[in-house]
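Quick notes on the structure that follows.
There are 2 protein chains.
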Amino acid sequence: MRDSFHKDLDTISEQLVEMTRLARLAMSGATTALLEADLPLAESIIAADQQIDALSRELDRRSVDVLARQQPVATDLRMVVTAMRMSSDLERMGDLAKHLAEVARRRYPDCAIKPVMRSTVVQMGQVAERMVAKTGSVIAGHDVDTALALESDDDEMDRLHEHVFNMLTNSNWNHGTEAAVDATLVARYYERYADRAVLVGRGVVYLVTGRFKQQS
Amino acid sequence: MRDSFHKDLDTISEQLVEMTRLARLAMSGATTALLEADLPLAESIIAADQQIDALSRELDRRSVDVLARQQPVATDLRMVVTAMRMSSDLERMGDLAKHLAEVARRRYPDCAIKPVMRSTVVQMGQVAERMVAKTGSVIAGHDVDTALALESDDDEMDRLHEHVFNMLTNSNWNHGTEAAVDATLVARYYERYADRAVLVGRGVVYLVTGRFKQQS
């Protein structure tokens, strides 16, 4: 019975890591699609989101099945419930990458990212990819230090997000309203993606230490 | 044992209904704060969000405790797991109302909502309040028909959201970039709030029918 339970947990953990891999691919592709106004790439990112959704649903079904069959308590129970939350966060990260690709598609054949925004979006994409890569290794290795380091990555993302807002509102933005709307949404999607990565990291910290850091 | 379990479920259900009440108050206040540039009201909405957060954490603790003590299976298990998801959706609705209040605060003493946007924001607020009120009665009464009706409310919100985007990008927007950024975010927050209300409704449909409608 115990062995079967830990086999289930291993499978759940592997599926979570696979979700981080897909969420990373989606983010990487979405950033490129945005920067290069690459319509076929944007379309493929949008279509691929259903893979993450399907994995999330399967993981939820498996978790409920484990709860019903194995009736875990204490730490074991905490693991299953936390895995379900992380699955939901990763599914949402996939959605946010899809939303970025949708901005690229909506603006095609124009590029949604004006030259003035370009280097900030490049950086946001890099921070986002770094964060999702960390969530994968954090889940696989129950690595609390790396999980906590996600908080400072998130601070960096918040600064980039703030920078976009300053560009839009404090300086003499002369790239039109449409580009301002795109920039507002794009910055928000990156920032939310980073927030979710932090929540996944906190889930692992909670599993290992039994203490959940409150959402700020 | 069974009686104790159903008492727990009743408490969880009551807490969810209380969360809908708080999420509705927050939405109502946030919309007024936005339209009237009412700083004290915005501040109070922002501060009150911690009540919803605390209720959500308490509900999660109680749910995990119920899983551990009662070891529910089948429908009973589904109820507890679904309640946790709904708690997370309602907590997020509170956050989104807070974000609206933050826009009002950021723009004070100016009004974040330009006259041209006013009637659309009034309507978005009305649809949002109607939806959260429905989620409360849907949870309390396990009312599938009303839960399904949330989907058409959400269509109405999507149309309003689309209308804002058309105003911003298709017509001759001459209210400045700052107002365009505010309008983009405000419309997005209302739209996400409605999406979450739909998810809460789907949770109830799932509980009653055993079938979960896939996220579109």
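Each protein sequence line maps, in turn, to chains P and Y.
Just so you know, we're using the numbering used here here: the first sequence kicks off at 1 and counts up by one.
Just so you know, we're using the numbering used here here: the second sequence kicks off at 1001 and counts up by one.
Cβ atoms here follow ideal geometry from the backbone N, Cα and C, with glycine treated the same way.
Spatial neighbours of residue 139 (chain P) in its own chain (CB-CB distance under 8 Å, excluding positions within 5 residues in sequence) are listed in chain order as 13, 16, 17, 20, 86, 200, 204. Residue 26 (chain P) and residue 1144 (chain Y) have their C-alpha atoms spaced approximately 35 Å apart.
In this chain, the alpha helix (DSSP H) harbouring residue 126 (chain P) covers 115-141.
Comparing alpha carbon positions, the residue from Y:1063, Y:1079, Y:1075 closest to residue 73 (chain P) is Y:1063. With fewer than 16 other Cβ atoms inside 10 Å of its own Cβ, residue 6 (chain P) counts as exposed.
Residue 1056 (chain Y) is classed as buried because its beta carbon has at least 16 other beta carbons within 10 Å across all chains shown. Not flagged as an interface residue toward chain Y: residue 186 (chain P), since no C-beta distance is shorter than 8 Å.
No Cβ of chain Y is located within less than 8 Å of the beta carbon of residue 123 (chain P). Below the 9 Å Cβ cutoff, chain Y contributes 1068 as neighbours of residue 74 (chain P), in chain order. The count of Cβ pairs closer than 8 Å, one atom from the region 1097-1104 of chain Y and one from the region 185-198 of chain P, stays below three, leaving the stretches out of contact. In the three-state reduction of the DSSP assignment, residue 1175 (chain Y) falls in the coil class. Contact check for residue 52 (chain P) against residue 23 (chain P) passes: the beta carbons are separated by less than 8 Å.
Contact annotation: residue 183 (chain P) and residue 117 (chain P) have beta-carbon atoms nearer than 8 Å. Closest in C-alpha terms to residue 102 (chain P), from the list P:135, P:119, P:32, comes P:32. Ranked by how close their Cα comes to the Cα of residue 1067 (chain Y), the residues P:59, P:77, P:60, P:66 have P:77 in first place. According to the DSSP assignment, residue 1094 (chain Y) belongs to the alpha helix (DSSP H) that extends over 1074-1107. For residue 169 (chain P), the neighbours in chain Y by C-beta distance under 8 Å run, in chain order, 1177, 1178, 1181. Secondary structure at residue 1187 (chain Y): helix, using DSSP grouped into helix, strand and coil. Think of a sphere of 8 Å around the beta carbon of residue 64 (chain P): the chain Y residues whose beta carbon falls inside it are 1077, 1078, 1081, in chain order. Taking each of P:155, P:137, P:174, P:176 in turn and checking the Cα distance to residue 124 (chain P), the smallest one comes out for P:155. Close partners of residue 1005 (chain Y) in chain P (Cβ separation under 9 Å) are lacking, with about 14 Å as the shortest Cβ gap.
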